[in-house]
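Only one structure is covered here, and it is reproduced in the block below.
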Amino acid sequence: MKDKKVRHAVGIDFGGTSIKMGLVNERGEIKAKRKFNTSEAPSQEAWLDSVSKNIELMFKEVPSAEATFAGIGVGVPGFVDFDRGFVYNLTNVPGWTAVPLVQLLEKRFGKIARVDNDVNAMALGECTFGAGRAYQNAVFVTLGTGVGGGILLNNNLFRGAYSMAGEIGHVSIDMNGVKSPTGKGGLEQYIGNRQIVERAVRLMNEGRKSIIKEMAKEASDDITPKLIEQAARKGDALALEIFDYVADCLATVFASVTYLIQPQAFIVGGGVAQAGKFLFEPLQQHLKERLSPYFSEHIVVKTAELGNDAGMIGSATLVFME
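Take our numbering: the final residue in the sequence shown is number 313, and no numbers are missing along the way.
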């Protein structure tokens, strides 16, 4: 197949700090990238203008793509009505409440537009072109400030009755646990970035020995999950215990999800997933302990492959699925 016949779409990863854009072909290859600060586009009209300008710049980099431009996909950090193309609200982005984003994009560009939750977009990218591409049924999980999830069943995103399915971070692991606006004992109340650090600090304040504080002091930096990972690589017992705890919490939810929908794989991304074997080896073991042999022998846990590009690639893929 010649490249001029390969369709292209613009994938937009709309974050609270920055907007990342990619010109992506239907093979999942990013041919050009652009980025601008969210604060540079304080209104919807200004945002559309910035998107338009950056699309033009990407077409200048890849002139042949303009003739096969199929549309624009956007992943946003908030609640979305996928069928209506409607954004209810964007987390940490003022002025983006009750926005008919698909309508605005299609009116401006005259092309197909699609909008979805950002983690759904990442899930679609990873499960179409990344670590989950070999599976028809998979669950994508991202570990960071919070814990997000996206579900693919029979190669299609499962969004639920009101486009809100996949909120794995709010699944309870303790019926009498930590209270939050999303309920009691939700997963991310235990293994979000802040909660991981708080656990490490609390244990050290209780007298547990660790090199974590000394490493932070030497680096003139705060304690972070990344620094705890570095301590784990040095064999620090407390750091290893913390990742075992994170793995145990994840396995608790993964086991429940497995019994409910029996995916072939869990694809795990985000900053905490960079801990590699310190997270994934105990995760595999704890998951095996929580499942019957038939279920455990058919489940795979893999590290995401697309990194920060997953959202852009997945957003563009929303267009290709039409």
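Backbone N, C-alpha and C fix where the C-beta goes; we use that ideal spot for every residue, glycine too. Since we're looking at a predicted model, the values are computed, not measured.
Of the residues Arg25, Met195, Val237, the one placed nearest Gln275, counting alpha carbons only: Looking up residue 275 in the sequence shown gives position 284. Per the Cα distances, Val237.
Exposure of Tyr181, with buried meaning 16 or more beta-carbon neighbours within 10 Å: Start at 1 with the first residue of the sequence shown, and residue 181 comes out as number 190. It counts as buried.
Distance between Phe245 and Gly157 (C-alpha atoms, nearest Å): On the sequence shown, position 166 is the one that residue 157 refers to. On the sequence shown, position 254 is the one that residue 245 refers to. In a straight line, the C-alpha of Gly157 is about 12 Å away from that of Phe245.
Element boundaries [alpha helix (DSSP H), containing His277]: Taking the first residue of the sequence shown as position 1, residue 277 is located at position 286. First-last of the alpha helix (DSSP H) with His277: 268 to 281.
Under 8 Å between C-beta atoms of Ile203 and Ile187: Translated into positions along the sequence shown, residue 203 becomes position 212. Translated into positions along the sequence shown, residue 187 becomes position 196. Not a contact, by the Cβ cut-off of 8 Å.
Classification of Arg150 by the beta-carbon crowding that lies within 10 angstroms, buried from 16 upward: Within the sequence shown, the letter at position 159 stands for residue 150. When all chains shown are included, Arg150 counts as buried.
Opening and closing residue of the beta strand (DSSP E) in which Met12 lies: Numbered from 1 along the sequence shown, position 21 holds the residue referred to as residue 12. 9 to 16 is the span of the beta strand (DSSP E), which, as asked, contains Met12.
The segment -7 to 10 touching the segment 22 to 40, judged by at least three CB pairs closer than 8 Å: yes
For Thr308, three-class secondary structure by DSSP: For the purposes of this step, residue 308 is identified with residue 317 of the sequence shown, where counting begins at 1. When DSSP states are grouped into helix, strand and coil, Thr308 belongs to the helix group.
Residues that DSSP places opposite Asn147 in a beta bridge: Against the sequence shown, residue 147 aligns to sequence position 156. Bridge partners of Asn147: Leu144.
Cβ contact (3+ pairs, closer than 8 Å) linking the segment 254 to 264 and the segment 294 to 308: Two segments are said to touch when three or more pairs of C-beta atoms, one from each, lie closer than 8 Å; by this definition the segment 254 to 264 touches the segment 294 to 308.
Rounded separation between Pro172 and Leu143 - CA only: Walking along the sequence shown from the start, residue 172 turns up at place 181. Walking along the sequence shown from the start, residue 143 turns up at place 152. Distance from the CA of Pro172 to the CA of Leu143, rounded to the nearest whole angstrom, comes to 27 Å.
Closest residue to Ala23 among Ala104, Ala37, Ala56 (Cα-Cα distance): Taking the first residue of the sequence shown as 1, we reach residue 23 at position 32. The candidate whose alpha carbon is nearest that of Ala23 is Ala56.
Candidates Cys240, Gly137, Asp235: closest to Thr82 by CA position: Walking along the sequence shown from the start, residue 82 turns up at place 91. Of the candidates Cys240, Gly137, Asp235, the one whose C-alpha sits nearest the C-alpha of Thr82 is Gly137.
Spatially closest choice to Phe50 from Leu14, Ile233, Lys170, Lys200, by CA coordinates: Residue mapping note: residue 50 aligns to position 59 of the sequence shown, counting from 1. Out of Leu14, Ile233, Lys170, Lys200, Leu14 has the C-alpha closest to the C-alpha of Phe50.
Integer Cβ distance of Asn128 from Gln221, believed to fall under 8 Å: Numbered from its first residue, the sequence shown carries residue 128 at position 137. Numbered from its first residue, the sequence shown carries residue 221 at position 230. By a beta-carbon distance limit of 8 Å, Asn128 does not contact Gln221. Their separation comes to about 35 Å.
Three-pair Cβ contact test at 8 Å for the segment 304 to 313 versus the segment 110 to 118: Touching, yes.
Neighbour-count burial assignment, Ala122, 16 or more Cβ in a 10 Å radius: The count along the sequence shown starts at 1 and reaches residue 122 at position 131. Result: buried.
Interface flag, Leu148 vs chain D, CB-CB below 8 Å: Structure shown: chain D not included; a single protein chain is present.
Thr294 versus Leu241 - alpha carbon distance: Reading the sequence shown from its first residue, position 303 is the one you call residue 294. Reading the sequence shown from its first residue, position 250 is the one you call residue 241. Whole-angstrom Cα-Cα distance: 14 Å.
Contacting residues, own chain, Cβ-Cβ under 6 Å from Phe77 (five flanking each side not counted): Taking the first residue of the sequence shown as position 1, residue 77 is located at position 86. So the list reads Pro91, once near-sequence residues are dropped.
For Asn108, the residue or residues it bridges with in DSSP: The sequence position of residue 108 within the sequence shown is 117, counting from 1. DSSP, once it has assigned bridges, lists Val67 as partnering Asn108.
Sequence-distant residues of its chain with Cβ nearer than 8 Å to Ser247 (five each side left out): Along the sequence shown, one-based indexing puts residue 247 at 256. Scanning its chain for C-beta atoms nearer than 8 Å, with the 5 sequence neighbours on each side dropped, one finds around Ser247 the residues Val162, in chain order.
Three-state secondary structure (DSSP) of Lys(-7): In the sequence shown, the residue the question calls residue -7 occupies position 2. Reliability fails at Lys(-7), whose pLDDT of 47 lies under 50, so the model's placement of it is uncertain and the value that follows must be treated cautiously. DSSP places Lys(-7) in coil when its eight states are reduced to three.
Alpha-carbon spacing of Asp212 relative to Arg99, whole angstroms: As a position in the sequence shown, residue 212 is number 221, starting the count at 1. As a position in the sequence shown, residue 99 is number 108, starting the count at 1. For the pair Asp212 and Arg99, the Cα-to-Cα distance works out to about 45 Å.
Same chain only: Cβ atoms within 6 Å of Asn145, ignoring 5 sequence neighbours per side: Numbered from 1 along the sequence shown, position 154 holds the residue referred to as residue 145. Closer than 6 Å at Cβ, skipping near neighbours: Gln127.
DSSP-derived helix/strand/coil call for Gly121: If you number the sequence shown from 1, residue 121 lands on position 130. Coil, per DSSP.
Outcome for Thr88 when other beta-carbon atoms lying within 10 angstroms are tallied against a minimum of 16: Position 97 of the sequence shown holds residue 88. Exposed is the call here.
For Ile214 and Gly101, the rounded distance between their alpha carbons: On the sequence shown, position 110 is the one that residue 101 refers to. On the sequence shown, position 223 is the one that residue 214 refers to. Approximately 48 Å between the Cα atoms of the pair.
Nearest-angstrom Cα separation, counted from Val291 out to Leu251: What you label residue 251 is simply residue 260 of the sequence shown in a count that begins at 1. What you label residue 291 is simply residue 300 of the sequence shown in a count that begins at 1. If I take the Cα positions, the gap works out to 16 Å.
Proximal residues to Asn45 (C-beta, below 6 Å), its chain only, five neighbours per side dropped: Reading the sequence shown from its first residue, position 54 is the one you call residue 45. Within the same chain, Asn45 has close Cβ partners Met12, Arg25.
Distance between Leu229 and Leu297 (C-alpha atoms, nearest Å): Locating residue 297 in the sequence shown gives position 306, counting from the first residue. Locating residue 229 in the sequence shown gives position 238, counting from the first residue. Using only the alpha carbons, I get a separation of about 30 Å.
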